[in-house]
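Colleague: Residue numbers (this note's numbering): 38 to 236. Got a structure for you, written out below as structure tokens; questions coming shortly.
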């Protein structure tokens, strides 16, 4: 994947926080007196089931917060795609100083270093997989108490679509970061080679 393709892939990434919010809006909310009005059958559940579902959803609060914060990954990937283009230009123009500044930013900056971003991508993947697992557990528990008509109604609400979007984002992050890493290594090596050749 060349730098233009990486840029296109990064620009086409779904917005994590928007998808998470739409997922939460369409799925089950923690059970309170006036919550889940979009799911009228929730009030017919027995107290034990309501409590179990409520607790499972409440236990996702930290997961939701972590996923929401992960929007920063998309922003960092956009910066990396720009930095790589700049690095390619500075290498082509043999601007050693600027090449070193960009390389330092990519490798050593507290916020932007690539290794930290790879760790964040892995953490997001784990959080989304945990959400998916809890989603299926809650839905299985709920389906035991629903009529066929209610189950069909519940599954027609687009919460699953937004969960799939989040899963796809994590897959895209892995592909994009692998391509960014490959290009970054090649450009840094090229810069180093030109630096030593020029001496």
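We put the beta carbon where it would ideally sit given N, CA and C, even for glycine. Predicted model, so just to flag it, every value in this text is computed and none were measured.
Hey, quick one: how far does the alpha helix (DSSP H) through residue 162 stretch, first residue to last?
Modeller: Along the chain shown, read from residue 1 onward, the residue named residue 162 stands at position 125. Counting along the chain, the alpha helix (DSSP H) containing residue 162 begins and ends at 151 to 180.
Colleague: Between residue 90 and the rest of its own chain, which residues show a CB-CB distance below 7 Å, the 5 nearest in sequence each way excluded?
Modeller: As a first step, residue 90 is located in the chain shown; it is residue number 53 there, counting from the start. Result list for residue 90: 65, 68, 175, 178 and 179, in chain order.
Colleague: Over what stretch of residues does the alpha helix (DSSP H) that includes residue 147 continue unbroken?
Modeller: What you label residue 147 is simply residue 110 of the chain shown in a count that begins at 1. Here residue 147 belongs to no alpha helix (DSSP H), and DSSP marks it neither H nor E.
Colleague: On the three-state DSSP scale, how would you describe residue 71?
Modeller: Within the chain shown, numbered from 1, the residue matching residue 71 stands at position 34. Reduced to three states, the DSSP call for residue 71 is coil.
Colleague: In whole angstroms, give me the CA-to-CA distance for residue 205 and residue 212.
Modeller: Counting from one through the chain shown, the residue named residue 205 turns up at place 168. Counting from one through the chain shown, the residue named residue 212 turns up at place 175. Near 11 Å, if we compare the C-alpha coordinates of residue 212 and residue 205.
Colleague: With DSSP collapsed to three states, give me the class of residue 92.
Modeller: What you label residue 92 is simply residue 55 of the chain shown in a count that begins at 1. Here residue 92 sits in helix by DSSP.
Colleague: Residues in its own chain within less than 7 Å of residue 165 by CB, not counting five upstream and five downstream?
Modeller: Counting from 1 along the chain shown, the entry for residue 165 is found at position 128. Same-chain partners within the cutoff: 104, 203, 204 and 207.
Colleague: In the DSSP assignment, find the alpha helix (DSSP H) that holds residue 102 and state where it starts and stops.
Modeller: Taking the first residue of the chain shown as position 1, residue 102 is located at position 65. Its alpha helix (DSSP H) spans residues 98 to 106.
Colleague: From residue 195 to residue 144, what distance separates their C-alpha atoms?
Modeller: To locate residue 195, count along the chain shown from 1; it is residue 158. To locate residue 144, count along the chain shown from 1; it is residue 107. In a straight line, the C-alpha of residue 195 is about 40 Å away from that of residue 144.
Colleague: I need the straight-line Cα distance from residue 220 to residue 121, nearest angstrom please.
Modeller: As a first step, residue 220 is located in the chain shown; it is residue number 183 there, counting from the start. As a first step, residue 121 is located in the chain shown; it is residue number 84 there, counting from the start. If you take the alpha carbons of residue 220 and residue 121, they lie about 8 Å apart.
Colleague: In whole angstroms, what separates the C-alpha of residue 53 from that of residue 38?
Modeller: Along the chain shown, one-based indexing puts residue 53 at 16. Along the chain shown, one-based indexing puts residue 38 at 1. Approximately 23 Å between the Cα atoms of the pair.
Colleague: Please report the residue range of the alpha helix (DSSP H) in which residue 191 lies.
Modeller: The residue you call residue 191 lines up with position 154 of the chain shown. Element bounds for residue 191: 185 to 193.
Colleague: So what does DSSP say about residue 196, is it helix, strand or coil?
Modeller: Taking the first residue of the chain shown as position 1, residue 196 is located at position 159. Residue state, collapsed to three classes: helix.
Colleague: Can you give the Cα-Cα distance for residue 193 and residue 108, rounded to whole angstroms?
Modeller: For the purposes of this step, residue 193 is taken as the residue at position 156 of the chain shown. For the purposes of this step, residue 108 is taken as the residue at position 71 of the chain shown. Computed Cα separation, rounded: 27 Å.
Colleague: Let me confirm a value: residue 224 is counted as buried when at least 16 other C-beta atoms fall within 10 Å, else exposed. Which label applies?
Modeller: The count along the chain shown starts at 1 and reaches residue 224 at position 187. Flag for residue 224 reads buried.
Colleague: With DSSP collapsed to three states, give me the class of residue 124.
Modeller: Taking the first residue of the chain shown as position 1, residue 124 is located at position 87. Looking at residue 124 - three-state DSSP - the assignment turns out to be helix.
Colleague: Helix, strand or coil: which one does DSSP assign to residue 139?
Modeller: As a position in the chain shown, residue 139 is number 102, starting the count at 1. Note: residue 139 maps to helix in three-state DSSP.
Colleague: Shortest alpha-carbon distance to residue 151 belongs to which of 98, 110, 87 and 132?
Modeller: Here residue 151 refers to the residue found at position 114 of the chain shown. Nearest C-alpha to residue 151: 110.
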